[in-house]
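Residue 244 is where the sequence shown starts when you use this note's numbering, and the numbers rise one by one after that.
No residue lacks a Cβ here, since even glycine has one placed at the ideal position from N, Cα and C.
Okay, so here's the structure we're looking at.
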Amino acid sequence: RMKSSWAGAMGHTQFLPSDFRNYAVDFDGDGRRDIWGTIPDALASTANFLKKNGWEKGKTWGYEVKLPKGFDCTLEGVANARSIADWTELGIVRTRGRKFRQDRLAENAYLVAPAGTLGPAFLVLNNFAVFRSYNKADLYALYVGHVADRINGGGPFAAGWSRVESFTRDEMKRLQTAMANAGLDVGKIDGLIGTITRAAVGNWQKKLGRAETCYPTRSLLKLAPKTLLTE
């Protein structure tokens, strides 16, 4: 049987048909790759997906970190990836007094801060990218990694989430268009508050002489005329 949602996601872990073809396994040995009715098959198939897409066994997906005062929040995103050692030179440290392992300092990492300076920040590694090969959303990858850490005995995030303002996708498209017209790189104008858009917000805040939070605000949206529509 091949049952899916309207978008094609199937089984306990929401495989796409191509994922089923390429990665599904018969873990319980009953002769069927049943990701709908057999949890061992579903979980083993997902594990096979991660393995085949570059999962590094024994390594973490990333670290929650503390940014130093005055840190340039526009350094977020994969385009600004550098070694963990280089990040420490910029003043980034792990939370709760933990240290980076010496044998991991040469690994490449990039910064993810879903709420800009208004929430937790993370240095993410190759295994985070593997999570994103399963689902492109940073928050999805972040919370899958966090749930795994909690199951393994880890605690909650050290930093809290400040209350942030909410926006419709049309409002964000207006804001992205206004920033693009101001010469800022916003990536695709899609109405989503991704890493490139957050960096653009930080750069616009810097241009305007405002506090740099790298997260959109209603006061910034007011600078984007309501007539500023996108195709």
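Roughly how many angstroms separate the alpha carbons of residue i and residue j, rounded to a whole number?
i	j	result
residue 249	residue 258	13 Å
residue 271	residue 261	22 Å
residue 380	residue 397	23 Å
residue 301	residue 247	33 Å
residue 263	residue 331	41 Å
residue 238	residue 297	Because the chain spans 244 through 474 in this model, residue 238 falls outside it and cannot be assessed.
residue 254	residue 279	4 Å
residue 252	residue 437	23 Å
residue 401	residue 274	46 Å
residue 313	residue 447	16 Å
residue 382	residue 444	19 Å
residue 375	residue 399	22 Å
residue 434	residue 414	7 Å
residue 342	residue 319	21 Å
residue 439	residue 344	29 Å
residue 393	residue 410	31 Å
Excluding the five sequence neighbours on either side, which residues of its own chain have a C-beta within less than 6 Å of the C-beta of residue i, listed in chain order?
i	result
residue 359	316, 441, 456, 457 and 458
residue 423	429
residue 333	none
Whose C-beta lies closer than 7 Å to the C-beta of residue i among residues of the same chain, with five residues either side of it excluded?
i	result
residue 473	Its pLDDT being 46, under 50, residue 473 is placed unreliably by the model, and the measurement read from it follows with that caveat. Correct list, in chain order: 416, 420 and 432.
residue 281	271
residue 418	459, 463, 464 and 467
residue 373	293, 296, 297 and 298
residue 461	408
residue 321	353
Under the assumption that residue i contacts residue j (Cβ atoms under 8 Å), give the Cβ distance between them as a whole number of angstroms.
i	j	result
residue 354	residue 395	With 8 Å as the limit, residue 354 and residue 395 do not qualify as a contact, their Cβ atoms being about 23 Å apart.
So, is residue i buried or exposed, given that buried needs 16 or more other C-beta atoms within 10 angstroms?
i	result
residue 412	exposed
residue 386	exposed
residue 244	exposed
residue 357	buried
residue 378	exposed
residue 429	buried
residue 363	buried
residue 404	exposed
residue 266	buried
residue 390	exposed
residue 388	buried
residue 349	exposed
residue 370	buried
residue 426	exposed
Given residue i, which residues of its chain have a CB within under 8 Å of its CB, disregarding the five upstream and five downstream residues?
i	result
residue 256	278, 285, 286, 288 and 289
residue 268	276, 284, 287, 288 and 291
Is the number of C-beta pairs between the stretch 321-339 and the stretch 443-453 that are closer than 8 Å three or more? The stretch 321-339 makes no contact with the stretch 443-453, as fewer than three CB pairs between them are under 8 Å.
Does the pairing of the stretch 335-347 with the stretch 296-313 give three or more beta-carbon distances under 8 Å? A contact exists between the stretch 335-347 and the stretch 296-313.
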